[in-house]
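**Q** Below is a structure I'd like to ask you about.
Number of protein chains: 2
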Amino acid sequence: MPLSAESLARFAGVLADRSRVAVCLALMDGRAWTATELAHHVGVARSTASEHLTALVRAGLLVERRQGRSRYLQLAGADVAAVIEGLGAAVGERVVPSSLRRARADTRLAEARTCYDHLAGRWGVALYDTLLAGGRLSADGGLVVTQEGRRWFAAGGALPGPASGGRRPEVRECLDWTERRSHLGGQLGAALLLRALASGWVQRVDGLPRALQVTEAGHQALADLQAADS
Amino acid sequence: MPLSAESLARFAGVLADRSRVAVCLALMDGRAWTATELAHHVGVARSTASEHLTALVRAGLLVERRQGRSRYLQLAGADVAAVIEGLGAAVGERVVPSSLRRARADTRLAEARTCYDHLAGRWGVALYDTLLAGGRLSADGGLVVTQEGRRWFAAGGALPGPASGGRRPEVRECLDWTERRSHLGGQLGAALLLRALASGWVQRVDGLPRALQVTEAGHQALADLQAADS
DNA sequence: AGCACGATTCGGCCCCGGCCGAACAGTCGG
DNA sequence: CCGACTGTTCGGCCGGGGCCGAATCGTGCT
């Protein structure tokens, strides 16, 4: 009779399917997967996966980001991850032995890390925010590099060829839900990571593949960038 | 492919039905309901409810206690309640504004309180344990009052007529999952509450209907009882 | 013993939903 | 413009499962 039973059951119904659960479990690594990757991973036809994914998005468990002919999917937020972990605990399984749990626990991963081939973590997010605040990037209706930004990237040697005609977008807003903030992806994001390593802003940490340590020079570089804008 | 997806989906499937969810929600008050009560409450036939209830018990969400021709059902534990609350939070609903949440938070309710018409809370549980340890109650295969116990209850004026032919059992083990322990229910439990109030062991608290405050006399009475047994 | 009552089982109905393959729509690259 | 590739929509198939009513069992009361 109470309304809550209806909606709660409907919500649980979304998680009441192996394929959909498998999708969510795969996404527990916090990264964005493409639809075919997920379809192949759970072992169903692309058409079937498509329906599941729209259902998960409509239910608010996933967010999608369409890019070209691809559709990238991520968990909607840390709260849904918590629900899934809670369910996993209820059936007595450890759902996430993966990088994510460590990412939250390990402060070394929290400060700075790679996300695929670009910069993430608190420092990566801060750098992205600074570039945005300084007008080097603009996020009005799709992320683009401004003229000023293009000069700055070029000066640092971090600008790939303007017509480096790959399929990959030049810049991309990459949502990392452990931070619940965006950082810079795409070609330029990758180039920026290389520059950060080359300039000694960050350095890799032995034994922790994705971890980065921010050096004094790195903190200084970010501070300089912020100071130059004000 | 991973086993966890299968079992997790099956678990979610148990909660993917309005009727079953409505049952769990009703049981969130922490008390035991009878099967027909639940059937009537969620608005399905008794036969349908019976199947749902066995499913919930088999899934480990509920525990049952058969007594005479009745079947009492309760939530299996605080952990399942937490899962349900988590799910409720995920759909943006407050599942339990009820007494339970307060019972956990409010130390006054935690120390001693009424559960229906008998004693619960830490002090109620301790009293029950003491009666059991002192051989006044025996729990081997169904709770019964021993001869020694019968004398003790009679001495305190807490013994209802031996053939007070109501339908209610004389003693009953009542499982309170906020304590995760049993306390004394049934006719004798109710009589014991009256005696505890009459003897000044506990007194009611203004403004908190179910709350009881344990007096010095109450603590003393329990200590005396424990001392007499050793 | 007989009756009342709570609970369970069984057969049957019906609808929901997961699955696939085929066809279609967009996008990217030559 | 023409392939190559990603995703989506649409029939159609089929199994699962929620629901009920009737019959049955077991318990308790008189």
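One line per chain: the protein sequences are S and A, in this order.
Position 79 (the first sequence) corresponds to 1500 in my numbering; numbering is contiguous.
Position 45 (the second sequence) corresponds to 1466 in my numbering; numbering is contiguous.
Every residue, glycine too, gets a C-beta built ideally from N, C-alpha and C.
None of the values given here were measured: they were computed from a predicted structure.
What residues from chain S crowd round A:Arg1467, counting only those whose CB sits closer than 9 Å?
**A** Residues of chain S passing the Cβ test: none, with the nearest at roughly 17 Å.
**Q** For the stretch 1432-1443 of chain S, which residues have a beta carbon sitting closer than 9 Å to at least one beta carbon of chain A?
**A** Those residues of the stretch 1432-1443 of chain S that come within reach of chain A (Cβ to Cβ, closer than 9 Å) are Phe1432, Ala1433, Gly1434, Val1435, Leu1436, Ala1437, Asp1438, Arg1439, Ser1440, Arg1441, Val1442, Ala1443.
**Q** For S:Thr1535, report the span of its beta strand (DSSP E) as first-last.
**A** Run containing S:Thr1535: 1534-1536, per the beta strand (DSSP E) assignment.
**Q** If the cut is a Cβ gap below 7 Å, which residues of chain A does S:Glu1637 touch?
**A** Chain A residues near S:Glu1637: none, gap ~43 Å exceeds 7 Å.
**Q** Output yes if chain S places a C-beta closer than 8 Å to the C-beta of A:Ser1471; else output no.
**A** False, the Cβ-Cβ gap to chain S never drops below 8 Å.
**Q** Starting from S:Ser1491, follow the beta strand (DSSP E) in both directions and report where the run begins and ends.
**A** Per DSSP, S:Ser1491 belongs to the beta strand (DSSP E) from 1491-1496.
**Q** Check whether chain S comes within 8 Å of A:Asp1538, counting only Cβ atoms and requiring the distance to be less than that.
**A** False, the Cβ-Cβ gap to chain S never drops below 8 Å.
**Q** DSSP three-state label for S:Glu1591, please.
**A** In this structure, S:Glu1591 counts as coil in the three-state DSSP scheme.
**Q** Can you list, in chain order, the residues of its chain whose CB lies under 8 Å from that of S:Leu1618, leaving out five sequence neighbours each side?
**A** Gln1624, Arg1625.
**Q** Taking only beta-carbon positions, decide if A:Val1504 is within less than 8 Å of chain S.
**A** Judged by the 8 Å Cβ criterion, A:Val1504 is in contact with chain S.
**Q** Opposite S:Leu1558 in the DSSP bridges: which residues?
**A** DSSP, once it has assigned bridges, lists S:Val1566 as partnering S:Leu1558.
**Q** Counting only beta-carbon atoms, is A:Glu1427 nearer than 8 Å to chain S?
**A** Yes - at least one Cβ of chain S is within 8 Å of the one on A:Glu1427.
**Q** Where S:Met1422 and A:Ala1470 are concerned, what is the direct C-alpha to C-alpha distance, given to the nearest angstrom?
**A** Reliability of the predicted coordinates at S:Met1422 is poor, the pLDDT of 48 falling under 50, and the value obtained from them is presented with this limitation in mind. Going by the C-alpha atoms only, they are around 15 Å apart.
**Q** Against A:Ala1499, what residues of chain S qualify as contacts under a CB-to-CB distance less than 9 Å, listed in chain order?
**A** Here the premise fails: no neighbours, minimum Cβ distance about 12 Å.
**Q** DSSP state of A:Val1484, grouped into three classes?
**A** Correct three-state label for A:Val1484: strand.
**Q** Report buried or exposed for A:Ala1426, applying the criterion of at least 16 other Cβ atoms within 10 angstroms of its Cβ.
**A** A:Ala1426 comes out buried.
**Q** If we ignore side chains and look at the alpha-carbon of each, how far apart do A:Arg1616 and A:Ala1541 end up?
**A** Going from the Cα of A:Arg1616 to the Cα of A:Ala1541 covers about 14 Å.
**Q** Would you report the Cα separation of A:Gly1587 and A:His1640, rounded to the nearest angstrom?
**A** Bear in mind that a pLDDT of 47 at A:Gly1587, under 50, signals an unreliable position, so the number given afterwards is only what the model happens to contain. One C-alpha to the other measures close to 32 Å.
**Q** Any chance the stretch 1498-1515 of chain A sits against the stretch 1435-1453 of chain A, with 3 or more Cβ pairs inside 8 Å?
**A** Yes, since at least three Cβ pairs between the stretch 1498-1515 of chain A and the stretch 1435-1453 of chain A fall closer than 8 Å, the two stretches touch.
**Q** State the DSSP-derived secondary structure class of S:Leu1633, mapped to helix, strand or coil.
**A** The answer is strand: DSSP assigns S:Leu1633 an E or B state.
**Q** Kindly indicate which three-state DSSP category S:Leu1436 falls into: helix, strand or coil?
**A** Coil at S:Leu1436, not helix or strand.
**Q** Excluding five sequence neighbours on each side, which residues of the same chain lie with their C-beta closer than 7 Å to the C-beta of A:Gly1481?
**A** Answer for A:Gly1481: Ala1497, listed in chain order.
**Q** Residues of chain A with CB under 9 Å from S:Leu1446, in chain order?
**A** Ordered by position in chain A, the residues that pass the 9 Å Cβ test against S:Leu1446 are Pro1423, Ser1425, Ala1426, Leu1429.
**Q** Strictly below 9 Å CB to CB, what residues from chain S border A:Val1566?
**A** Going along chain S, no residue has its Cβ under 9 Å from A:Val1566, so there is no contact; the nearest lies around 38 Å.
**Q** Within the chosen definition, does the stretch 1549-1569 of chain S reach the stretch 1426-1436 of chain A through at least 3 CB pairs nearer than 8 Å?
**A** Flag = no, the stretch 1549-1569 of chain S and the stretch 1426-1436 of chain A do not touch.
**Q** Near A:Val1478, what residues of its chain come up, given a Cβ to Cβ distance below 6 Å and the 5 sequence neighbours on each side ignored?
**A** Answer for A:Val1478: Glu1485, listed in chain order.
**Q** Where does the unbroken beta strand (DSSP E) through A:Arg1625 begin, and where does it stop?
**A** Taken as a continuous stretch (DSSP letters only), the beta strand (DSSP E) holding A:Arg1625 covers 1623-1626.
**Q** Run down chain A in chain order and give the residues with a C-beta less than 8 Å from the C-beta of S:Ala1511.
**A** Ordered by position in chain A, the residues that pass the 8 Å Cβ test against S:Ala1511 are Phe1432, Asp1500, Val1501, Val1504.
**Q** Is it right to say S:Gly1621 is buried, meaning 16 or more other beta carbons lie within 10 angstroms of its own, or is it exposed?
**A** Classification of S:Gly1621: exposed, given that the 10 Å Cβ count is below 16.
**Q** Quick check on the burial criterion: 16 or more other C-beta atoms within 10 angstroms. Buried or exposed for A:Arg1631?
**A** By the 10 Å Cβ count, A:Arg1631 comes out buried.
**Q** Consult DSSP for A:Gly1606 and reduce its assignment to one of helix, strand or coil.
**A** A:Gly1606: strand per DSSP, three-state reduction.
**Q** Should A:Arg1593 be labelled buried (16 or more other beta-carbon atoms within 10 Å of its own) or exposed?
**A** So A:Arg1593 counts as buried.
**Q** Check the C-beta distance from S:Gly1555 over to A:Gly1507 and give it rounded, since I have them as a contact under 8 Å.
**A** Actually they do not touch by this definition, with Cβ atoms about 41 Å apart.
**Q** When DSSP builds the beta bridges, which residues end up paired with A:Trp1454?
**A** DSSP, once it has assigned bridges, lists A:Leu1494 as partnering A:Trp1454.
**Q** For A:Arg1487, which residues of its own chain have a beta-carbon under 8 Å away from its beta-carbon, when the five flanking residues on both sides are left out?
**A** The residues are Tyr1493.
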